[in-house]
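Chains as they are written, first to last, in our numbering: chain A, 674 to 1132; chain B, 674 to 1132; chain C, 674 to 1132; chain D, 108 to 219; chain E, 108 to 219; chain F, 108 to 219. Contents: one structure, followed by commentary.
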Ligand SMILES: Nc1ncnc2c1ncn2[C@@H]1O[C@H](COP(=O)(O)OP(=O)(O)O)[C@@H](O)[C@H]1O
Ligand SMILES: Nc1ncnc2c1ncn2[C@@H]1O[C@H](COP(=O)(O)OP(=O)(O)O)[C@@H](O)[C@H]1O
Ligand SMILES: Nc1ncnc2c1ncn2[C@@H]1O[C@H](COP(=O)(O)OP(=O)(O)O)[C@@H](O)[C@H]1O
């Protein structure tokens, strides 16, 4: 007699672990792509500063990569994606301190995510750590654009540590780790719209907030933090008097191109599987990005008479940001519409800082905060099943606005506390004279370029 | 009693969908790599222009990415890879308008390509859309090198739309979508060499034109379009009087390096599966590329006495182009030979424009047209089974020459019509004065670099 | 009666080949990533030279890519990974000349590695060729940093050929191909510590030297070769008199960032499977890299008072190098420790050349040799099961020191012979006048940048 | 006629320029320069090695003017460029034989 | 001896240079400069903000010559550099005490 | 007072500078220049096309000094900059009316 159960099982496990390899391959790739986005941001921002500040700009991003690479395995991942939940805000930083339970194999097998069982969306737990790591890196790196050309590098390193610990990891937990802003039983959404316990004790919320790849967790979060820090830290010497044009627009373009590339890891990676859904997210992402660049360029052409390259680069980023929360739930047509709207709005939004007189130096608020908000809210209209334009009623819209608001408040408050604490202790700014001479020399004792050394004039 | 059929089926489906993940992972990656090739082209070309034109050069490529990202999901993919065929030239643009049938899942499952059934070469249909999208982007972006430093950005955006619609999508359909230049029943090849209907009604042509990853569809096509557009649009002010040296050769190298990198997606991705064939294509690609760079460098050394870096970069690209149609059917030895020939020939070919007095500014004709032709034709000699040097007789060679010819005629004629139409309506060129002052300022109101702002001389 | 064996088998094979796709997808990606590391090195080094030498620096790396792409399929792979072993040093270069047996499919199926049977770590043999190719390319490219700004390009091309043939391929064979420095029966380790023949005739060594991704094969090997070549070739004109500052630090950062990115292919690819182990290696790699950059920056801050960007870039590379041999056997905690140590030590080590008066121009010895050594030796302390800090006793440490020593001697001796032979025949150096005027013009007849052509002063 | 040449701190250029315009100077030529003097340069550090940069960025201004205006122009520049710190620069005045406007061929004061 | 200094439009350099060679001038020194004058600059736009660039790229030429040649050199430059558009530049002539050729140490006219 | 202007080979700058310091010169202004003269430029090759670069990189030095020092400064520069090869450059001396130190407003020799 043959043991059919056993046959099925054996074949099945092998087969299912076949998925592990496929999904793992894509998630390893996606994690690498997302890691590359931070250097991309570095060049996007670096090209936009003056030539006396590019090294520092690159170093702010590099500093984020360096510090978060160390603290994420220490306690960051554990705080965001541990199993215990503290009042919906974060999980235990010591549960997986130094990833101890994740990097231990049990009978030669490491754990997989999501959940415990093997299914077509599973992949190795160690890979999840690295994928999530790269999101934390870029989130904090984004903030640096708002406070460019004026802050002490040492203060920044400490800020990165505190912000990832007290703002990013909790926010990731709240939205993606089953906390307050998720659709779990103890979430705001369940509190308002209710839900019920389904089979196997799984909670089914009536309305589930949607943040596919980080519109709230990454962009609204970093965007509001950018606003707060620049308000506290203050303006650059010469703000609004000098125009401070970008010193190297090809670098800005390089950054935007690499962001576009890396963002496929960000969005198509956020399906956690190399399946049709990933392809779907890739399509939305590129459609929205192209449309947003068009939206920005057209707005510029009407207002200023030119299609600028800085506008194209900015529009690309605005589109990528806006589609981030929505890439898995908007059809290609709505993706294009969402992109057009985001591009035009962000183009107008970058002017706000002049009106309201805050020095968001490289427009993190105008692009990431506004873009993130646009995408998060438009889900309420465009989402395939739950959006108002798809007969979904207003509930999705309401919850989208709500999670955005709560995220703004949480991030705004905690970032304020951190930034103030640093201001009052070690201080944020280099001296005005150092700033005028160039932050590169002040912080790093270096200057970026020397094209004339061969002429003997380099020294 | 156990139901063995069911066991087999269950295990089998799970297993086969295991492939989906593996192939999907590679195809998502490959698509991202190919998308990166367009920025690579942008820097390859941008470094070659004068410093007053680099932004525009980058924008021509960015414009291609932006526009095609929007029109491909609208009607482009449908025209190229729909199921209906119109006189072998294209398929119905409305069949899959906005990808409507592709992004709809049926019982939770999206379609796969190729074909309907699951087999080891299957992968998700949504991923096919994005992989094909990236080819359309780079094909049209390549053309920009021929008309560098002188055209209006707005005209270019319209050209991109028309060319992808009326030239690229049809060409992709003809060769890869079962049209005139394929091996299907209604193809030129079947008309000439015949064929027969095999099992399950599948057509078996006696001779099948071979264009693995786009020697004809991308390179010959873009190359001839480049020639046509530059002839119609005319020369740059100062052509042949001034030498117009590259302003940033490290950018040219950066572009060439990124092209080499991205091209693994182009070629190893064109097996549509993460299998041995992909590895095989990777081997041919790198072998031919190395050999072509050597071929170009040696030719230069003999003729000019130096191994130039521009030559190395150009040779790399020439090799990548030439191996594109052939990477799956030439042995490593023949790949090296093919590369050497392509490198040497392209090195000589870039001089033609001076003799025949057309301003193919950055040598799109000399590299892509000639390189694509070399690879397409050498298949007739080198191909593993059907090439003359492998006892294959002359039929493959004849069909290769034929499809190249037909592609040249089709692309040449339609591109001429489009280019002329634009010339007679909105016009192509900026004014001569604007051109001399710099296309960057004329089109975009920007200048690329400002290394002296800190010296106060930036304004 | 159903044939359960058959069911199992059929399902199993399909399932297992499911792995092939998943692993293949990741290995194709990893190979592409590693290939990108050589351009990354090119920019890392290129930015560090003076503006009159960057093209040459880029060309030394490009030359490595070009030449090795051709010789690897010819005889390189066969020498390193063939089945025959010659006195533990290399295998038969003609066994797989032009990869003849690898690119031939047998009954439609190409071979897989590792081993003959299909198991979850299998992937296509053709993909192994390309993955290994990329390692050979970067190993030789690294050396170029030590002899920057002064050597003839033609001599370099010949050196690349000889070094990969007589140093790299044998070293890869010795460590990874079952040679002297492996754990096989005929290895040094088995000679000293013994072992026994296990089931199915497989040899089990008592102590197995550990070089995960190339601490010995790539970094110690290239590092010692760098020292030897610079000693023989001699110093740059002006060494120690002029300080020769980096001309383009953003390029240095670009290189370091791309190295970090590509290194995930290097390390996470060296598990040869898209599994948890790959994620594990990714975690160690990023943790050690972040920590090493911190280690370098802190050392600099204490000694020089500044956190330099060149220091951050160098620390990143030092960390990547040091974790390379160890990434699969150190816990995240030890990875951080290893990184800190490597960063600090390498920071101090780059000063040695001034004390001992050799012109290791861009610090290949200080970073790759020292970093590779640190990682290789610390395995003896930190390794999960065999390290002294994990109750492993001193045997692992002893064997690690030993393989490092043998590698140093082998590489040192053969590189000396090759370098001397070239010195005495075609010669290495351009003339001093050419060197002062700039190696770019001397070797390539070009200059890198022309930002002023529009001012008419470019010529 | 005179040629007034001024070596000034780069960040003073804007003020100098606008004050000169107020004084009625409608043309000048500027260029990059590197100064060497009492003001010491700075030290950059690359992989632990110090690199002394003793040439300091300056801007050179050249203004052709009528004999009578030289003094006042010198005065305006000196006043607007001065920060009181070492390294503020120099102004010097040279005699000119003639000046020509390229566009028209006009000579002398008419060409300024 | 005289020093003739010319500020010209960058794109006229080639013509000026070849015409000077025809006139028998075998040496000169050129450098980058930025001009400010009647010719207005341009406005660049970055994220909607305008950025006025009022310094215009120019080339400065310096030619040391015998007293007798100054006029003709000035004439040749003026003629070859002129496009008739505002911004064509200036030429000015200054007296020199002496000139030395570095290579040989020759003084005066022999050094030119 | 005098203005000594020197056009020299870029790689001689370090030596010239230190010798001038030894001679007691404590200030000078340097700038990039491109020379055209007997020394011929070089030919670069791009995709087979030759590109003649006939402007050679030079450094221009300007030193304001007391009348009495002009000759010795000229002498020191000439000596330290000379390599004996064509293209070593020129030094020329011009009369100055006055010089002012921006920081203090001092005039004449006191300002140097
Ligand atoms: N003798 C000189 N000849 C020409 N330029 C000089 C001379 N001395 C100083 N300079 C220029 O003036 C600048 C300021 O001089 P410095 O001695 O540093 O300060 P200060 O003039 O305030 O005493 C220098 O950087 C240099 O460009
Ligand atoms: N007074 C001046 N002193 C020095 N250079 C001047 C002066 N006036 C003009 N220039 C130079 O001549 C250039 C052309 O002058 P501009 O007034 O624009 O036109 P034009 O000389 O044709 O009337 C300016 O850009 C500037 O470089
Ligand atoms: N008549 C001139 N006026 C101004 N500068 C000159 C003149 N002749 C030569 N020069 C400068 O001197 C440099 C050297 O002159 P060149 O004729 O090449 O060699 P040499 O002075 O050794 O004979 C030139 O590159 C140029 O910068």
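Ideal Cβ placement from N, Cα and C applies to all residues, glycine included. Note that the coordinates shown come from a computational prediction; the quantities given were computed from them, not determined experimentally.
Proximity below 8 Å, CB of residue i to CB of residue j
| i | j | result |
| --- | --- | --- |
| residue 716 of chain B | residue 924 of chain B | yes |
| residue 697 of chain C | residue 951 of chain B | yes |
| residue 905 of chain C | residue 757 of chain C | no |
| residue 1038 of chain C | residue 900 of chain C | yes |
| residue 114 of chain D | residue 192 of chain D | no |
| residue 1056 of chain B | residue 846 of chain B | no |
| residue 728 of chain C | residue 987 of chain B | no |
| residue 671 of chain A | residue 739 of chain B | In the structure as shown, chain A begins at 674 and stops at 1132. Residue 671 of chain A is therefore absent and cannot be evaluated. |
| residue 199 of chain E | residue 110 of chain D | yes |
| residue 995 of chain C | residue 1012 of chain C | yes |
| residue 1081 of chain B | residue 893 of chain B | yes |
Three-state class that DSSP yields for residue i in the structure shown
| i | result |
| --- | --- |
| residue 1120 of chain A | coil |
| residue 946 of chain A | coil |
| residue 209 of chain E | coil |
| residue 172 of chain F | strand |
| residue 141 of chain D | strand |
| residue 691 of chain A | helix |
| residue 1026 of chain B | helix |
| residue 159 of chain D | strand |
| residue 1031 of chain B | coil |
Within chain A, partners of residue i - CB distance below 7 Å
| i | result |
| --- | --- |
| residue 149 of chain D | 1114 |
8 Å Cβ cut-off: residues of chain F touching residue i
| i | result |
| --- | --- |
| residue 124 of chain E | 143 |
Where residue i meets chain C, residues with beta-carbon distance less than 8 Å
| i | result |
| --- | --- |
| residue 152 of chain F | 1118, 1119 |
Residues that residue i contacts on chain F, provided the C-beta gap is smaller than 7 Å
| i | result |
| --- | --- |
| residue 1109 of chain C | 118 |
Within chain D, the residues that residue i reaches when beta carbons sit closer than 8 Å
| i | result |
| --- | --- |
| residue 175 of chain F | Under the 8 Å cutoff, chain D gives no residues; its nearest Cβ is about 17 Å from residue 175 of chain F. |
| residue 923 of chain C | None at all; the shortest Cβ gap to chain D is about 15 Å. |
Partners in chain D for residue i, counting only beta-carbon separations shorter than 9 Å
| i | result |
| --- | --- |
| residue 198 of chain E | 205, 206, 207, 208, 209, 218 |
Partners in chain E for residue i, counting only beta-carbon separations shorter than 9 Å
| i | result |
| --- | --- |
| residue 134 of chain D | 142, 143, 144, 145, 197 |
Worksheet item: How do the segment 197 to 208 of chain E and the segment 131 to 143 of chain F stand: do at least 3 beta-carbon pairs fall below 8 Å, yes or no?
Response: no
Worksheet item: When the Cβ atoms of the segment 989 to 996 of chain A are set against those of the segment 1029 to 1044 of chain A, are three or more pairs found closer than 8 Å?
Response: yes
Item to complete: Please go through the segment 878 to 934 of chain A and give each complete beta strand (DSSP E) segment of 3 or more residues, from N-terminal end onward.
Response: none
Worksheet item: Which ranges would you report for the alpha helix (DSSP H) in the segment 972 to 1005 of chain B if only whole runs of at least 4 residues count?
Response: 982 to 996
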